[in-house]
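Numbering (mature numbering (1 follows the signal peptide of the UniProt record, and there is no 0)) for the sequence shown: -21 to -1, 1 to 441. So the structure is just underneath, and the comments pick up after that.
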Amino acid sequence: MMAIRRSAGLLFAGVLTVALTAGCGTNSEPSASGGISGTPQASASGSKPADAKEVVVLKYALSADQASRQSTKDLMALVEKKLGNVKLEPFVIPGEGVEFNKKMTISLMAGDEMDVLYQNATTYQKFATANLIEPLDELIAGEGYDIASIYGSSLSKYNDKIYMLPAFRDVHVTMYNKGLFDAADVPYPDNATWTWDKYVEAAKEITKLGKGVYGSYMLDWDNYFLLQARQKKVPEYKPDGTSNYDDPAFAESMKFYADLGNELKVQPDFITFKSKKMPWDAFLTTDNYGMFVVGNWAVQSAMDKKQYPRDWKMGVAIMPQVDEGGKAVMGIMGGYSVASTSKHKKEAYEAVKALAELQWTLPGNIPARVDLSDEEINSIFQPMVEGLADDGITVEELKDAILSPSLDIVSEKLVGPGMTQITSLISSEGELYATKQRTLEQTMKELKEKADKAIAEDQSAP
């Protein structure tokens, strides 16, 4: 496949940050446009199946902001050029993020015709449960589409069915300050052997430098409280549908996170973090932190030298592993689904497939595909390498940490009944423990009971 050149620098950082920071907070929509009560911006071609020469107009459900972006228009043009007989028509739905998804849900449940939807790992299962998107398995099998070799571990299933084809990914990496590693005489992380034990040992040595220096920096987002349990793939639901937070792995993860600040003192303790309102980007704005485990979108943010001027060099490595040689990294996927209300499901599937296959060719997207050639991978990471030239980071280092086919991507977010409320509970209950207002046992008991209630309420909702 021919590599496509892409513009370097800040455009690369900006597009992906908009698309994937939703994995760390609210859900968001993709790089294109779509409408709830609104009228499509062009008339549809009718409901009959199209022959090979007929142009089928597909309604692409997106927000007004995304509809106005050039990146959206470029993506739609790529798909139309590839398919020949398909035109993507923006169907604008009011709102952004969570509000957008709520209104799209209402619109679909009302039977409004749409064809193509953007989804991510935190939304598509809810849409599948509500029968708002189509399983794609029969269409995939019907043409012998080798989906496993194209997407590898980027592909996810719900109830053993495929509802979304992934287009791009964001995975957790270790960003590290080379100057502090050098000053503490600590070797840089080795992707083949990098573990949480080695992370802690490196953090201890760097913290010994003193003068306000810490070896580690982490945030108060929900995923930090359960890092290791999710890497171990411990189920968060029991077979009977209740929560699994009484599994010791979750308590161990909660304790590990709190201990980094409270006991080991290798990062700011939680009370300090909250009282000082420490920002997410403190790693980039100071020379005080040795390591920062975060989504690869933050690496792209580091390319903005006006926003983040630095006189120290940064490195990028794989997310620390529970066991040496492991490759489990937390991440989130963005991709595309066929709406259940589509009158052109086969053509919509072809458009979804084209979107998933091609979106990486536009600036600012780390592909979900794992079948790309070295030339194509170089074309993805070269803008980042150029933007981080002072750091001496190589294409190979970025590939190993972000896009290696051997990476085993596990969801950074809970997906299932009650997930929105439970995600909030993980943060709020974890904060009470990390600030020493509750014992670990009390914390996990409260989390378990409240999560079970949230699941029951979600399942009983109309």
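All residues carry an ideal CB built from backbone N, CA and C; glycine is no exception. Every value quoted in this text rests on a predicted model; they were computed, and no experiment measured them.
Coil, strand or helix - Ile112 by DSSP: Reading the sequence shown from its first residue, position 133 is the one you call residue 112. In the three-state reduction of the DSSP assignment, Ile112 falls in the strand class, which pools E and B.
If we ignore side chains and look at the alpha-carbon of each, how far apart do Leu87 and Gly240 end up? Here residue 87 refers to the residue found at position 108 when the sequence shown is read from its first residue. Here residue 240 refers to the residue found at position 261 when the sequence shown is read from its first residue. Those two C-alpha atoms are separated by around 46 Å.
With C-beta atoms as the reference, is Phe249 less than 9 Å away from Glu410? Taking the first residue of the sequence shown as position 1, residue 249 is located at position 270. Taking the first residue of the sequence shown as position 1, residue 410 is located at position 431. Their beta carbons are under 9 Å apart, which means Phe249 touches Glu410 by this criterion.
Would the segment 230 to 244 count as touching the segment 123 to 139 if we require 3 or more Cβ pairs under 8 Å? no
To the nearest angstrom, how far is the alpha carbon of Tyr167 from that of Ile356? Translated into the one-based positions of the sequence shown, residue 167 becomes position 188. Translated into the one-based positions of the sequence shown, residue 356 becomes position 377. Straight-line Cα distance between these residues: approximately 24 Å.
Inspect the beta-carbon positions of Thr101 and Met298 and report whether they are closer than 9 Å. Stepping through the sequence shown from its first residue, residue 101 is reached at position 122. Stepping through the sequence shown from its first residue, residue 298 is reached at position 319. Not in contact: Thr101 and Met298 (Cβ atoms no closer than 9 Å).
Flag this pair as yes or no: are the beta carbons of Ala335 and Gly314 separated by less than 9 Å? Counting from one through the sequence shown, the residue named residue 335 turns up at place 356. Counting from one through the sequence shown, the residue named residue 314 turns up at place 335. Going by C-beta atoms, Ala335 is nearer than 9 Å to Gly314.
Tell me whether Pro342 is buried or exposed, calling it buried when 16 or more other Cβ atoms sit within 10 Å of its Cβ. By 1-based counting over the sequence shown, the position of residue 342 is 363. With 16 or more Cβ atoms within 10 Å of its Cβ, Pro342 is classed as buried.
Of the listed residues Ala261, Gly274, Met309, Phe106, nearest to Gln286 (C-alpha basis): Locating residue 286 in the sequence shown gives position 307, where the first residue counts as 1. Of Ala261, Gly274, Met309, Phe106, the residue nearest in Cα terms is Ala261.
Which same chain residues, not among the five before or five after Ala127, have their C-beta less than 8 Å away from its C-beta? Locating residue 127 in the sequence shown gives position 148, where the first residue counts as 1. Correct list, in chain order: Leu134.
What span of residues does the alpha helix (DSSP H) with Thr51 cover, start to end? The sequence position of residue 51 within the sequence shown is 72, counting from 1. 49 to 62 is the span of the alpha helix (DSSP H), which, as asked, contains Thr51.
In whole angstroms, give me the CA-to-CA distance for Leu111 and Thr320. One-based indexing of the sequence shown puts residue 111 at position 132. One-based indexing of the sequence shown puts residue 320 at position 341. The alpha-carbon atoms of Leu111 and Thr320 are separated by roughly 7 Å.
Under the three-state DSSP convention, the category Thr264 falls into: Taking the sequence shown and counting its residues from 1, the one referred to as residue 264 is at position 285. Three-state result, Thr264: helix.
Could you check what DSSP says for Arg289 in three-state terms: helix, strand or coil? Within the sequence shown, numbered from 1, the residue matching residue 289 stands at position 310. In this structure, Arg289 counts as coil in the three-state DSSP scheme.
Buried or exposed: where does Glu215 fall if 16 or more other Cβ atoms within 10 Å of its Cβ makes it buried? Start at 1 with the first residue of the sequence shown, and residue 215 comes out as number 236. By the neighbour-count rule (16 or more Cβ atoms within 10 Å), Glu215 is buried.
Let me know the alpha helix (DSSP H) ranges lying completely inside the segment 350 to 437, each 4 residues or longer, listed in chain order. 353 to 366, 374 to 377, 398 to 413
Would the beta-carbon of Trp173 fall within 9 Å of that of Gln207? Stepping through the sequence shown from its first residue, residue 173 is reached at position 194. Stepping through the sequence shown from its first residue, residue 207 is reached at position 228. Not in contact: Trp173 and Gln207 (Cβ atoms no closer than 9 Å).
Between Phe204 and the rest of its own chain, which residues show a CB-CB distance below 6 Å, the 5 nearest in sequence each way excluded? What you label residue 204 is simply residue 225 of the sequence shown in a count that begins at 1. Met233, Tyr236, Ile405, Gly409.
Please say whether Trp291 and residue 452 have beta carbons closer to each other than 9 Å? Residue 452 lies beyond the range of the chain shown here (-21 to 441); nothing can be said about it.
Closer than 8 Å is the cut-off here; do at least three beta carbon pairs connect the segment 299 to 310 with the segment 380 to 399? With a cut-off of 8 Å, the segment 380 to 399 and the segment 299 to 310 count as touching, because enough Cβ pairs lie within range.
Please state whether the Cβ-Cβ distance between Lys322 and Glu92 is less than 9 Å. Here residue 322 is taken as the residue at index 343 of the sequence shown, counted from 1. Here residue 92 is taken as the residue at index 113 of the sequence shown, counted from 1. Cβ atoms of Lys322 and Glu92: closer than 9 Å.
Measuring CA to CA, which of Lys105, Val36, Lys253 is closest to Thr399? Against the sequence shown, residue 399 aligns to sequence position 420. Thr399 has its Cα closest to that of Lys105, out of Lys105, Val36, Lys253.
Going by Cα to Cα distance, which pick from Gly366, Lys256, Asp350 is closest to Asp283? The residue labelled residue 283 in the question sits at position 304 within the sequence shown. Closest by alpha carbon: Gly366.
Determine the DSSP secondary structure at Met83, reduced to helix, strand or coil. For the purposes of this step, residue 83 is identified with residue 104 of the sequence shown, where counting begins at 1. DSSP places Met83 in the helix class (H, G or I) of the three-state scheme.
Please determine, among Leu377, Met83, Arg148, Ala163, the residue with the shortest C-alpha to C-alpha distance to Lys187. On the sequence shown, residue 187 is found 208 positions in, with the first residue counted as 1. Cα-wise, what sits closest to Lys187 is Ala163.
Using only CA atoms, which one of Ile72, Ala89, Ala146, Leu351 lies nearest to Gln98? As a position in the sequence shown, residue 98 is number 119, starting the count at 1. Measuring C-alpha to C-alpha distances from Gln98 to each of Ile72, Ala89, Ala146, Leu351 identifies Ala146 as the nearest.
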